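A short worksheet on the structure shown next.
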Amino acid sequence: GAQPSPARPQEPLTRHARRRGAAERPRRLCGTSLQHGHRREDRTGTGTISVFGMQARYSLRDQFPLLTTKRVFWKGVLEELLWFIKGSTNAKELSAKGVKIWDANGSREFLDKQGFSTREEGDLGPVYGFQWRHFGAEYKDMHTDYSNQGVDQLQKVIETIKTNPDDRRIIMCAWNPKDISLMALPPCHALCQFYVLNGELSCQLYQRSGDMGLGVPFNIASYSLLTYMIAHVTGLKPGEFIHTLGDAHIYLNHVEPLKVQLQREPRPFPKLRILREIKDISDFQAEDFQIEDYNPHPPIKMEMAV
1 GAQPSPARPQ EPLTRHARRR GAAERPRRLC GTSLQHGHRR EDRTGTGTIS
51 VFGMQARYSL RDQFPLLTTK RVFWKGVLEE LLWFIKGSTN AKELSAKGVK
101 IWDANGSREF LDKQGFSTRE EGDLGPVYGF QWRHFGAEYK DMHTDYSNQG
151 VDQLQKVIET IKTNPDDRRI IMCAWNPKDI SLMALPPCHA LCQFYVLNGE
201 LSCQLYQRSG DMGLGVPFNI ASYSLLTYMI AHVTGLKPGE FIHTLGDAHI
251 YLNHVEPLKV QLQREPRPFP KLRILREIKD ISDFQAEDFQ IEDYNPHPPI
301 KMEMAV
């Protein structure tokens, strides 16, 4: 006779528990770095505990991986990404929006120290935005109009997702060896790849260097947001964000604040809503996004190593 259909396996976790499980992941990564990391000196002279090679996966289905064990500077994540998408390399444009995260690397003192004494303050050189939108163009300064120069990798990614979603070459790369010497800071998040399956868009980031205390929660949110935006303009749903780290490090002056953070119970991730229909990635504005149900623990102060 007919075989009985196999019983559906019990759903072991409620959605709430699944979301909380995902929220545990950054905490586990930090714990791993602290337990298994090795002491290493670094460029900034601060000293680190470091692990080489780490990976974590975050579902973007019905949730947004904004860390909950401390408040993440969401406005900073959003404004920085819009600034990258514009192709801007001017730290002052971002600073004017109240986001000062690039100020130290664009300061007169830092630029002089890097040998860019003739460069205007705030000019970061051919960093992320320039590489995403004008890869291969010749960088002059932050005021030059680079329209139709170089490769617009971001637009190419979007076109390929629309026309050939099975392509294994949907890549955007900020690591340009020819331009590294001109950058105030070489890219930490070096390369991302997109992948389409069953109407969902996933993204994997290779990050050569990750500051686990300060930078990594920001980077997770940033590339998850980029995935949401590209999914929106290509008519897909967000799938997964996979974060691959090279040198995953904790600065020694972050160890104590991180121990406080690791004691905290993660809460479910919030949701991200895009409030209007947008066809062109360059048309997004800060007010098009709404974070809902974000209930983080209080902020924890950590100094940035420059």
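In UniProt numbering, the protein residues as written are 1 to 306. We treat Cβ as the ideally placed atom computed from N, Cα and C, and that holds for glycine. Everything numeric in this text was worked out from a predicted model, so none of it was measured.
Could you tell me which of the options sits nearest to residue i, measuring between CA atoms?
| i | options | result |
| --- | --- | --- |
| T144 | G125, G239, P299, D247 | G125 |
| K178 | M212, Y139, L214 | Y139 |
| T68 | A221, L236, L225 | A221 |
| A305 | E24, R25, T48, G37 | T48 |
| N219 | A231, G199, L245, F194 | L245 |
| F52 | R43, H36, T46, R61 | H36 |
| H243 | P165, E41, L60, L185 | L60 |
| R168 | P217, S202, R43, N176 | S202 |
| G122 | Q55, L66, M183 | M183 |
| F269 | D293, L262, A56 | D293 |
| K97 | P298, K156, L78, Q207 | L78 |
| L226 | T46, G213, P238, G115 | P238 |
| N198 | L272, G210, P165, E41 | P165 |
| R28 | I230, V216, T234 | V216 |
| T44 | A23, N253, G136, D62 | N253 |
| K301 | N176, E109, K70 | K70 |
What's the call for residue i, buried or exposed, on a 16-neighbour Cβ count within 10 Å?
| i | result |
| --- | --- |
| K259 | exposed |
| residue 328 | The structure shown does not extend to residue 328, since the chain is modelled only from 1 through 306, so no value can be given for it. |
| E303 | exposed |
| N105 | buried |
| H38 | exposed |
| E287 | exposed |
| E256 | exposed |
Flag residue i as yes when its Cβ comes closer than 6 angstroms to any non-hydrogen atom of the ligand ADP, and as no otherwise.
| i | result |
| --- | --- |
| A190 | The ligand content of the structure shown is nil, which means the ligand ADP is not present either. |
Just checking my contact of residue i with residue j at CB under 8 angstroms: how many whole Å lie between their CB atoms?
| i | j | result |
| --- | --- | --- |
| residue 365 | V99 | The question about residue 365 has no answer here: the residues shown for the chain are numbered 1 through 306. |
| W132 | F73 | Not quite, the Cβ-Cβ distance comes to about 21 angstroms (not below 8 angstroms), so this is no contact. |
| H189 | S50 | Actually they are not in contact, since the Cβ atoms of H189 and S50 sit about 17 angstroms apart, beyond 8 angstroms. |
| S224 | F64 | 6 angstroms |
| L154 | I281 | 6 angstroms |
Check residue i in the structure and name its three-state DSSP category.
| i | result |
| --- | --- |
| C30 | helix |
| F194 | strand |
| T244 | strand |
| D211 | strand |
| V77 | helix |
| Y146 | coil |
| M54 | strand |
| D283 | helix |
| T48 | strand |
| G239 | strand |
| S202 | strand |
| I85 | helix |
| N164 | coil |
| D62 | coil |
| H297 | coil |
Per DSSP, residue i forms a beta bridge with which residues?
| i | result |
| --- | --- |
| R273 | Q290 |
| F135 | V151 |
| I171 | Q193 |
| R39 | I49 |
| D179 | In DSSP, D179 forms no bridge with anything. |
| I230 | According to DSSP, I230 bridges with nothing at all. |
Return no unless some Cβ of chain B is closer than 7 angstroms to the Cβ of residue i.
| i | result |
| --- | --- |
| A248 | Here chain B cannot be found, since the structure has a single protein chain. |
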